[in-house]
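Q: Residue numbers (mature numbering (1 follows the signal peptide of the UniProt record, and there is no 0)): -19 to -1, 1 to 488.
Where a beta carbon is used, it is the ideal one built from N, C-alpha and C, also for glycine.
1) To the nearest angstrom, report how far apart residue 505 and residue 432 are at their CA atoms.
2) Mind reading off the beta-carbon distance from residue 311 to residue 457? Whole number of angstroms is fine, and I expect it under 8 Å.
3) Between the beta-carbon of residue 71 and the beta-carbon of residue 283, is there less than 8 Å?
4) On a Cα-Cα basis, can you pick out the residue from 67, 46 and 194 that is closest to residue 323?
5) Compute the beta-carbon to beta-carbon distance between residue 288 and residue 422, rounded to the nearest angstrom, for a pair I have assumed lies under 8 Å.
6) Given residue 478, which residues of its chain have a CB within under 7 Å of its CB, disregarding the five upstream and five downstream residues?
7) Let me know the beta strand (DSSP E) ranges lying completely inside the region 129 to 213, each 3 residues or longer, listed in chain order.
8) For residue 404, does the count of other Cβ atoms within 10 angstroms reach 16, so buried, or fall short, so exposed?
9) Quick one: using the 10 Å Cβ neighbour count with 16 as the cut-off for buried, is residue 345 buried or exposed?
10) Could you round the C-beta distance between residue 359 and residue 390 to whole angstroms and report it? I think they count as a contact, below 8 Å.
11) Using C-beta distances below 6 Å, list every residue in its chain close to residue 61, excluding the 5 sequence neighbours before and after it, in chain order.
12) Is residue 395 helix, strand or coil by DSSP?
13) Which ranges does the beta strand (DSSP E) cover as unbroken runs of at least 3 residues, wholly within the region 348 to 389, from first to last along the chain?
14) Checking 8 Å against the spacing of the C-beta atoms, do residue 395 and residue 350 come in under that value?
15) Indicate whether the contact test is met: 3 or more Cβ pairs, each with one atom in the region 127 to 146 and one in the region 192 to 210, closer than 8 Å.
16) Output needed for residue 230: all residues of its chain with C-beta closer than 7 Å, excluding positions within five of it in sequence on either side, in chain order.
17) Does the count of Cβ pairs from the region 180 to 196 and the region 212 to 230 closer than 8 Å reach three?
18) Thinking residue 246 and residue 77 are a contact (beta carbons under 8 Å), I'd like their distance in whole angstroms, please.
19) Given a cut-off of 8 Å, decide if residue 243 and residue 80 are closer than it, judged by their beta-carbon atoms.
20) State buried or exposed for residue -6, treating a residue as buried only when at least 16 other CB atoms are found within 10 Å of its CB.
What follows is the structure in structure tokens.
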């Protein structure tokens, strides 16, 4: 008989248990709870990582500084930690940025420099233009000849920058329908405008002497844009807020051609080595079996990487501090992986998998966290059948007020190919997902200019770290080894085989 993938939402609390805060007399569980909830260090740790160090783009001095801080912090706690080199990446950091519209009137512009963009080498002023409608391949050369010193709009403008949930609450249905139709028409039209430039369009624009490129990837929420990278080699590349980008586009379309002035500082320092940070408490009875906690340390650069993934980093860091205080001699070896270059394609975690087959082979279980806007709402078994035996048993020791907030999905499906747990799941190693609510995170903080310290909910963060420490303790002490057998998963939910990580930049 074939076993199909299934989902069980375990109700771990009997009514009588709700009045009982601790379902166990285990002194370690009680000590972990007291330490994590009453003596939490999450706020000072987050302040240092998010406010003081700030963004941690792969290859940047910020990422290097955060790794040095982790080593120093673990050293102060008496936890063994090391940097492990896995490859190289392009070094780059942003400096000051000033951008304003100078014509037809003066107005500051809300902008972010895109990662790996060239600097302007002082203020640069030029007109803002868009690819003309109906541009044909035959007409491209003539248009390119007019672009020297100009800034080029490369994205379709949004017809409205209101959050969709507010439209749904307040607008007429026909208004929403009209806006969605207009948005689709604009995007289709702009694709047509850019297609005439060909695949090497950006290179042709730079060869024509443009001053810069302007993009806008609106998140769908008030004031939030998702900001990524550019391949520009000479011209500055800016992301412009939804509102200001729309203004520039409307002026350019109406013939009131806007001009902007930009002064962007940035520094590229060539190719530099890249690292993971690994912390370890060696097992006393089963040192060659492992319980792994992990989160990626790197972030995008437009904000400070608070929820992606500063909170995941702090969760694992604080959990290790708690365990060092109250479980310093674990049965199995406890590891923390602070991965580099997750945002570039799971490079750090994938490299660790390749470089440490002994950990993959000896893994009891791993817990990865990669979005930290709120408390954990689900623990996902990632399709491993034995999670149905072990996860409920581990959760049964957790205080009931925390249990009541968490759904355990076992064996579940293999979810979210874009996060570090999949670097191990693809190798049939059970690294599970500690999942917080997703919708607001995706709309407002995931890769945006708003992913900042003020979005952290510390009541939830300290609970997340405490729960993680309890799960790691229970997994380490478990007398039984968790198996690697998986459910009969649908093809699109089977993450194997593993892909080789990209250990160096392509350009």
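A: Well, looking at it:
1) No statement about residue 505 is possible, as the shown extent of the chain runs from -19 to 488 and does not include it.
2) In the chain shown, the residue the question calls residue 311 occupies position 330. In the chain shown, the residue the question calls residue 457 occupies position 476. With 8 Å as the limit, residue 311 and residue 457 qualify as a contact, their Cβ atoms being about 5 Å apart.
3) One-based indexing of the chain shown puts residue 71 at position 90. One-based indexing of the chain shown puts residue 283 at position 302. Taking 8 Å as the Cβ cut-off, residue 71 and residue 283 do not qualify as a contacting pair.
4) Numbered from its first residue, the chain shown carries residue 323 at position 342. When only C-alpha atoms are compared, the closest one is 67.
5) For the purposes of this step, residue 288 is taken as the residue at position 307 of the chain shown. For the purposes of this step, residue 422 is taken as the residue at position 441 of the chain shown. Taking 8 Å as the upper bound for CB-CB distance, residue 288 and residue 422 are in contact here, some 6 Å apart.
6) By 1-based counting over the chain shown, the position of residue 478 is 497. Apart from the 5 residues on each side of it in sequence, residue 478 sits with its Cβ closer than 7 Å to the Cβ of 407 in its chain, given in chain order.
7) Fully enclosed beta strand (DSSP E) runs of 3 or longer: 132 to 134 and 193 to 196.
8) Sequence index remark: in the chain shown, residue 404 carries index 423 (1-based). With a 10 Å radius around the Cβ and a threshold of 16 neighbouring Cβ atoms, residue 404 comes out buried.
9) Along the chain shown, one-based indexing puts residue 345 at 364. Within a 10 Å sphere around the beta-carbon of residue 345 sit 16 or more other beta-carbons, which makes this residue buried.
10) Here residue 359 corresponds to residue number 378 of the chain shown, with the count starting at 1. Here residue 390 corresponds to residue number 409 of the chain shown, with the count starting at 1. Indeed they touch by this definition, with Cβ atoms about 6 Å apart.
11) By one-based count along the chain shown, residue 61 stands at place 80. Counting only Cβ-Cβ distances below 6 Å, and skipping sequence neighbours, we find 261.
12) Here residue 395 corresponds to residue number 414 of the chain shown, with the count starting at 1. In this structure, residue 395 counts as coil in the three-state DSSP scheme.
13) Correct list: 359 to 361.
14) In the chain shown, residue 395 corresponds to position 414, counting from 1. In the chain shown, residue 350 corresponds to position 369, counting from 1. A distance of 8 Å or more separates the beta carbons of residue 395 and residue 350.
15) Contact between the region 127 to 146 and the region 192 to 210 is established, with three or more Cβ pairs separated by less than 8 Å.
16) Position 249 of the chain shown holds residue 230. Hits under 7 Å: 111, 134 and 138.
17) Yes, they touch.
18) The residue labelled residue 246 in the question sits at position 265 within the chain shown. The residue labelled residue 77 in the question sits at position 96 within the chain shown. That pair is a contact at about 5 Å.
19) Numbered from its first residue, the chain shown carries residue 80 at position 99. Numbered from its first residue, the chain shown carries residue 243 at position 262. Contact flag set, yes.
20) Position 14 of the chain shown holds residue -6. With a pLDDT of only 39 at residue -6, under 50, the local geometry of the prediction cannot be trusted, and no value is derived from it.
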